[in-house]
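The opening residue of the sequence shown carries number -13 in our numbering; numbering runs sequentially from there.
We put the beta carbon where it would ideally sit given N, CA and C, even for glycine.
All figures in this text were calculated on a predicted structure; none of them were measured in a lab.
Everything below concerns the one structure shown next.
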Amino acid sequence: MDMDDYMPPLFWHIASLLVSIVGSALSQIASAIAIMLAIQSSDVATYTEMMLLMGSIDSLTSFSATASAVGTIYADIKKNTAFLSKIIAGNNSQYIQLDPEPNAMSAELADCTFSWGPDAFSVHCPSLTIAAGEFVTVVGRVGSGKSSLMSALCGEMPIISGQGRMSGRIGFVDQKPTMINDSFRENVLMGNEYDEKWFNQVTHACALTQDLEQMENGDQTKVGFG
C-alpha cells in the first residue's frame, strides 16, 4: 500500500501548520500596527486603544512561542510519518526461535548476526551455548552490544544471518523500566492473577516493601507516566 493513501505528504502537514500559525496572528498584527500608528500620530492613546494593543501584544507573544516550536513539531511529524511507514510496509524481519518448553540447552546461537535495520547497529555472535541452570555473565565496554544481545535473546532484535534458539521461560529486566498508567499492584502483576504470598515475595525481593508502606493507598496507588 502507498503511504499517500493514508496521510498527506509531509510538505502539506508543514504548510497547514504554517497557515494556521500565521492566520491566527494576522488580525492581531494588523490591529497592533494600526493602533501604534494612531498613537504615533496623536501622541495620545485612549483606554480602548490601550486594551486592544495589550490584547494584540499578548496574542503576538503566543504566536512567537508557537512559531519557535515549529522545529520540534516538524521533527515529531517526520518521526511519526516514518513510524507509520514502517507499519504500513509491514515487518518481514526474522527472529530467533523461542520455545517455551524447557530444554537441556537454554540458549544456542550459531554464527548469528543481529541488527536493528539497514545501516543500523549490529551484533555478531560466532557461537553461544548456555545450559539450563547455568549462570552466565556478559561483560564488555559501553556500546559494545551487551543490551542488544539480551534483546536478541528475548526475540526482540531481528536476526539477519545464522541460527538461534531459546528454550524455557524468559524473565528480562531492562535498563529502562517499563511502567503502565495503573496501580502499583498492576505494574507488578502485569496481567497475572493476584497471589498475595507471591506478590509480597516480589516486593520484598525488589526492596519495595518500605516504599509500599509509605504510599497513601498502598498497592492501589496510581503510578506510571501521564
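* To do: Determine the contact status of S101 and M143, defining contact as a CB-CB distance below 9 Å.
  => yes
* **For A93 and L139, believed in contact at Cβ under 8 Å, the rounded distance** => 6 Å
* **Per-residue DSSP class, three states only, for N66** => helix
* To do: Please go through the same chain and pick out, in chain order, the residues whose beta-carbon is closer than 7 Å to the beta-carbon of E87, but skip the five residues on each side of it.
  => S153
* To do: Within the same chain, show all residues whose beta-carbon is closer than 8 Å to that of S147, passing over the 5 residues directly before and after it, in chain order.
  => D97, C98 and T99
* Asked: Taking DSSP as the reference, what is the three-state secondary structure of R127?
  -> coil
* Asked: What did DSSP end up calling D(-9) once you bin it into helix, strand or coil?
  -> The predicted model places D(-9) with a pLDDT of 47, which falls under 50 and marks its position as unreliable; any figure quoted below should be read in that light. The answer is helix: DSSP assigns D(-9) an H, G or I state.
* Helix, strand or coil at G119 according to DSSP, with G and I counted as helix -> coil
* **Spatial neighbours of V174 in its chain, beta-carbon cut-off 8 Å, leaving aside the 5 residues before and after** => F185, V188, T189 and D205
* Taking Cβ to Cβ, would you say G141 is nearer than 9 Å to Y180? -> no
* **Host beta strand (DSSP E) of E94 (start-end)** => M91 to S101
* Asked: If you run the structure through DSSP and keep just helix, strand and coil, what is M136?
  -> helix
* Asked: Helix or strand or just coil, what does DSSP make of V188?
  -> helix
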